[in-house]
Amino acid sequence: MALKKYVIVTGAAGFIGSHLCDRLLADGHKVVGVDCFTDYYDRRIKEANLAPAIANHRFQFVEADLLAANLAPLLDGAGLIYHIAGQPGVRGSWGHQFDLYTRNNILATQRVLEAALACGRLPVVYAASSSAYGNLSTMPLHEDMAPAPVSPYGVTKLAAEHLCRLYAEVHDLPTIALRLFTVYGPRQRPDMAFQRFLTAQRRDQEITIYGDGTQTRDFTYVGDVVRAFLLAGAASQVRSSAGMVFNVAGGSRVTVNDVLAQIGHITGHRPHVRYLPAQPGDVRDTWADTVRAEAVLGFSASMPLADGLAEQWRHIVGNEV
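Just so you know, this note's numbering puts 116 at position 109 of the sequence shown, and the rest follows in order with no gaps.
Listed below in structure tokens is the structure:
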């Protein structure tokens, strides 16, 4: 059943945000999407992501910078905030660009939390990151482990997650943080691994792998992630969930080389691969314990990796210009 109040989605033009908007609208919600179209990648891609939502009369889009906009009128009448906006990318977070990560990940989140508090303690569901764990050696990774990020990006995402917990504990603001594990699927950002791999495969180009390919990831289909957000949105209305952190993951640990083999099967020809040294800040392995998400949110992933990869491949083939 749709909420009588509308739902805010920050980062609405991005990979995950646009999928979430589409699902909320399909479920009958009124949605206000917010995005400032940072130049991390081509604006035209983000506008294409938004096109289905823009066509829906229950969707309103606001182009705004969360640090510059007056958020009070934007949130007036809202019932829930999904805060997905942020500065992505591990490798770009080193050096002179770090100020973008502190601005768009930490300061913007603090401003959203303050605005949510001022507008009657609006629930906030935050898109946190598995990068918080860093290279912890004990697997699977669970939420009670001490975080140890190995990139500036991971540091900023963890800092914003801590802010969510603080506002819940000190100010009684209903917040939930979802630590997302390597999300993939249609509309994936052009810099992300699967999109790069599949695009190169479509063009019969070489695929570059940083590391030897034996590194592992817990890959999570975007549709499963969207479902986790919806479940977290419902849970945010329950006082006992305030300040909690949940792993959201696909449920299996797969090597990059195994992914390449599956891509070869899906696309019908073997990838041309070049291996380069691992990059600073890249974690070696991820694998999530999702017991807490299953117990509290009722979440478990349902999309097998091979099927999800095939969906992403079909999207790439079907949207060629």
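Ideal placement from N, C-alpha and C gives every residue a C-beta, glycine not left out.
Since the model is a prediction, treat every value here as computed from it, not as a measurement.
- DSSP places residue 236 within a helical segment (H, G or I) once states are collapsed to three.
- By the Cβ rule, the stretch 51-67 does not count as touching the stretch 75-86, because fewer than three pairs are nearer than 8 Å.
- In this structure, residue 92 lies near residue 43, with their beta-carbon atoms less than 9 Å apart.
- Of all C-beta pairs linking the stretch 90-106 to the stretch 159-170, three or more are shorter than 8 Å, placing the two stretches in contact.
- Sequence-distant partners of residue 267 (beyond 5 residues in either direction) whose C-beta falls short of 8 Å from its own C-beta, in its chain, are 204, 214, 216, 220, 278, 280.
- In the three-state reduction of the DSSP assignment, residue 202 falls in the helix class.
- Bridge partners of residue 283 according to DSSP: 217.
- Non-local beta-carbon contacts of residue 272 in its own chain, meaning distances under 6 Å to residues more than five positions away in sequence, are absent.
- Under the three-pair Cβ rule at 8 Å, the stretch 188-201 counts as touching the stretch 223-234.
- Residue nearest to residue 156 within the set 147, 148, 171, 138 is 138 (criterion: CA-CA distance).
- By the neighbour-count criterion, in which 16 or more other beta carbons inside 10 Å mark a residue as buried, residue 150 falls on the buried side.
- Our two residues, residue 227 and residue 263, have alpha carbons roughly 14 Å apart in a direct line.
- Segment contact: the stretch 141-149 against the stretch 20-33, fewer than three CB-CB distances shorter than 8 Å; contact not assigned.
- Residues of the same chain with a CB within less than 6 Å of the CB of residue 124, apart from the 5 flanking positions on each side, are 178, 180 in chain order.
- Contact check for residue 118 against residue 74 passes: the beta carbons are separated by less than 9 Å.
- Assignment of beta-bridge partners to residue 183 by DSSP yields 132, 251.
- Where residue 16 is concerned, the enclosing beta strand (DSSP E) starts and stops at 13-17.
- With the rule of 3 Cβ pairs closer than 8 Å, the stretch 307-318 does not count as touching the stretch 282-290.
- Under the three-state reduction of DSSP, residue 116 is assigned to helix.
- Take the alpha-carbon of residue 159 and the one of residue 140: they are about 13 Å apart.
- In chain order, 78, 79, 82 place their CB closer than 7 Å to the CB of residue 122, counting only its own chain and leaving out the 5 sequence neighbours on each side.
- Taking a 10 Å sphere around the C-beta of residue 212, we find fewer than 16 other C-beta atoms and assign the residue as exposed.
- In the displayed model, residue 70 falls within a strand according to three-state DSSP.
- Boundaries of the alpha helix (DSSP H) around residue 108: 105-108.
- Between the alpha carbons of residue 48 and residue 199 lies a distance of about 11 Å.
- Around residue 116, the same chain offers 167, 170 as residues with beta carbons nearer than 6 Å, after the five sequence neighbours per side are excluded.
- Secondary structure at residue 140: helix, using DSSP grouped into helix, strand and coil.
- Inter-residue distance for residue 130 and residue 245 is about 10 Å (C-alpha atoms, whole angstroms).
- Approximately 7 Å separates the beta-carbon atoms of residue 89 and residue 15; this is inside 8 Å, confirming the contact.
- About 28 Å separates the CB atoms of residue 209 and residue 136; that is not less than 8 Å, and the two are not in contact.
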